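Report on the structure given below.
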Amino acid sequence: MKSHVLILTQPSDGHATMMLEELQYRGVHVTCCNVADFPGSITASCTLDQQGQLDGTFGYQGQTITLDTLTGIWWRRPTFYKAAPGYTSGEQNFIELETQRGFLGLLESAEVQDAHTLWVSRYHAIRRADLKPLQLTAAQQLGLRIPRTLITNDPQRVKSFYDICQGRIILKSVARGVIEGNDKSYLYTNEVGPEYIDEHTLERVRVTAHLFQEAVGKAFELRVVIIGQQIFAAEIHSQHTAHGRIDFRRDYPNLTYKAHQLPDDLAQKLFDLVRFFGLQYSSMDLIVTPAGEYVWLELNPNGQFYWLQKEVPQLHLKEAMANLLSQPEEYRL
302 MKSHVLILTQ PSDGHATMML EELQYRGVHV TCCNVADFPG SITASCTLDQ QGQLDGTFGY
362 QGQTITLDTL TGIWWRRPTF YKAAPGYTSG EQNFIELETQ RGFLGLLESA EVQDAHTLWV
422 SRYHAIRRAD LKPLQLTAAQ QLGLRIPRTL ITNDPQRVKS FYDICQGRII LKSVARGVIE
482 GNDKSYLYTN EVGPEYIDEH TLERVRVTAH LFQEAVGKAF ELRVVIIGQQ IFAAEIHSQH
542 TAHGRIDFRR DYPNLTYKAH QLPDDLAQKL FDLVRFFGLQ YSSMDLIVTP AGEYVWLELN
602 PNGQFYWLQK EVPQLHLKEA MANLLSQPEE YRL
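See below:
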């Protein structure tokens with residue numbers, strides 16, 4: 302059967318454009334749209350008879366797509382539909398939820414009806430895997446070393462943790478670390494110095510959940526990308542930079558990169574973690590200490606990857622993703 306890949310994303314997504322071009326170059330039938338386009342420019346229908354036979358179709362830009370022709374669905378970074386003005390807030394919420402559940406339910410049915418349809422990855426699997434406390438717990442249970450961690454809104458617990466770690470702790474976001482608005486801003490990982498441990502400053506911890514970790518010494522950092530059955534790793538050298546020692550994202554221009562060969566037992570544990578969450582794709586961050594130990598930090602179930610291939614061209618990430626989406630029976634995890 303000829304491959305048909307559906308990419309779900311938002312406008313101006315460079316990753317989607319890159320993958321669209323790669324798949325078209327291979328002769329793969331590919332459709333790219335945004336979930337927010339339904340019910341505006343997308344029509345969708347689904348019938349289910351008493352024999353359990355599903356007939357699902359949707360129309361977009363003059364083409365009719367039947368669910369049983371889809372080999373791969375890439376949940377890239379779509380946005381959800383927002384109801385037009387003129388409704389009450391309750392009506393808007395109802396319309397938006399009905400739209401979301403209807404469209405997602407229709408697409409999810411494709412994999413139930415036809416085992417060859419692969420999600421990279423399912424929406425609800427991505428949402429669950431995005432919970433950092435769960436990530437850390439699962440990683441530790443699978444035998445990965447993680448930093449000593451405290452998640453709290455209790456100032457006294459922070460003070461105790463600071464003392465236990467002998468003043469060597471960092472603060473990072475529990476969620477995305479992005480403040481949306483007219484001027485989008487990013488929350489980077491920061492060291493917590495003694496000036497933050499006074500009683501007045503610590504009271505700010507009560508506002509929301511905070512994630513503190515013991516600072517881990519770095520020889521270099523690793524970005525690991527798992528795409529189906531393939532795993533890739535790149536060293537990120539940041540310790541020589543002025544601003545990227547704690548969070549390399551602060552100093553991209555001065556970073557250096559190198560491909561890295563993971564130990565087999567570590568690679569297996571990382572695959573096991575991705576399987577635990579029911580994902581087909583994940584990027585992960587680790588630290589390699591001066592003593593050569595691997596310390597696992599976090600995963601992003603839908604993270605960016607093409608920037609890494611530009612820095613380390615021998616990591617064929619684009620090609621691996623195209624293989625997974627167009628030939629899932631061969632490359633799926």
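No gaps in the numbering here: position 303 of the sequence shown is 604 in my numbering, and each next residue is one more. Beta carbons are placed, not taken as given, at the ideal position from N, Cα and C, and that holds for glycine. Keep in mind the model is a prediction, meaning the values are calculated, not measured.
message: Taking contact to mean 3 or more Cβ pairs, one atom from each stretch, closer than 8 angstroms, check whether the stretch 619-629 and the stretch 457-472 are in contact.
response: With a cut-off of 8 angstroms on Cβ pairs, the stretch 619-629 is not in contact with the stretch 457-472, counting fewer than three such pairs.
message: Cutting at 7 angstroms between CB atoms, please list the residues of its own chain near Thr-400, excluding the five before and the five after it.
response: Within the same chain, and ignoring the five residues on either side of Thr-400 in sequence, the residues whose Cβ sits closer than 7 angstroms to its Cβ are Phe-339, Pro-340 and Tyr-382.
Per-residue DSSP class, three states only, for Val-681: With the chain covering only 302 through 634, there is no way to say anything about residue 681.
task: Would you list, in sequence order, the uninterrupted alpha helix (DSSP H) runs of no fewer than 4 residues that lie entirely inside the stretch 444-507?
output: Within the stretch 444-507, the complete alpha helix (DSSP H) runs of at least 4 residues are 456-465 and 500-503.
- request: Report the residue from Leu-626, Glu-631, Arg-633 and Phe-578 whose alpha carbon sits nearest the alpha carbon of Gln-325.
  value: Closest option to Gln-325, Cα to Cα, is Leu-626.
query: Taking the alpha carbon of Glu-594 as the point to measure from, which residue in Tyr-607, Ile-532, Arg-633 and Glu-522 has its own alpha carbon closest?
result: When C-alpha distances from Glu-594 are compared across Tyr-607, Ile-532, Arg-633 and Glu-522, the shortest belongs to Glu-522.
task: Mind checking who Gly-529 pairs with in its DSSP beta bridge?
output: Bridge partners of Gly-529: none, in fact.
query: Is the CB-CB distance between Val-525 and Thr-590 below 8 angstroms?
result: No, the Cβ-Cβ distance between Val-525 and Thr-590 is not below 8 angstroms.
field: Within 8 angstroms, strictly: CB atoms of His-561 and Ala-592
entry: With respect to Ala-592, His-561 sits apart: the two C-beta atoms are not nearer than 8 angstroms.
- prompt: Which ranges does the alpha helix (DSSP H) cover as unbroken runs of at least 4 residues, wholly within the stretch 302-373, from first to last along the chain?
  reply: Fully enclosed alpha helix (DSSP H) runs of 4 or longer: 315-326.
- request: Taking Thr-502 as the reference, give the member of Pro-456, Leu-451, Asp-314 and Gln-352 with the closest Cα.
  value: Put simply, of Pro-456, Leu-451, Asp-314 and Gln-352 the residue whose alpha carbon is nearest the alpha carbon of Thr-502 is Pro-456.
message: If I measure Cβ to Cβ from Ile-532 and keep anything under 6 angstroms in the same chain, skipping five residues before and after, which residues do I get?
response: Taken in chain order, the residues that qualify are Ala-568.
field: Inter-residue Cα distance where the pair is Pro-629 and Ile-447
entry: Their Cα atoms are separated by approximately 32 angstroms.
- prompt: Is Gln-514 helix, strand or coil when you go by DSSP?
  reply: The three-state secondary structure of Gln-514, taken from DSSP, is strand.
- request: On the DSSP bridge assignment, give the partners of Asn-601 in chain order.
  value: Asn-601 is bridged by DSSP to Ser-584.
message: Quick check: what's the CA-CA separation for Ser-474 versus Leu-488?
response: CA-to-CA, the gap between Ser-474 and Leu-488 works out to about 7 angstroms.
- prompt: So with Cβ pairs under 8 angstroms, would you call Ser-474 a contact of chain D?
  reply: Protein chain content of the structure displayed is limited to a single chain, and chain D is not contained in it.
field: Coil, strand or helix - Ile-537 by DSSP
entry: Strand.
query: In this structure, does DSSP put Lys-559 in helix, strand or coil?
result: Note: Lys-559 maps to strand in three-state DSSP.
- prompt: Roughly how many angstroms lie between the CA atoms of Glu-599 and Leu-587, to the nearest whole one?
  reply: One C-alpha to the other measures close to 7 angstroms.
Presumed contact (8 angstroms Cβ cut-off) between Thr-372 and Val-306, rounded CB distance: With 8 angstroms as the limit, Thr-372 and Val-306 qualify as a contact, their Cβ atoms being about 6 angstroms apart.
- prompt: Which stretch, first to last residue, makes up the alpha helix (DSSP H) that contains Tyr-632?
  reply: Unbroken alpha helix (DSSP H) run through Tyr-632: 629-632.
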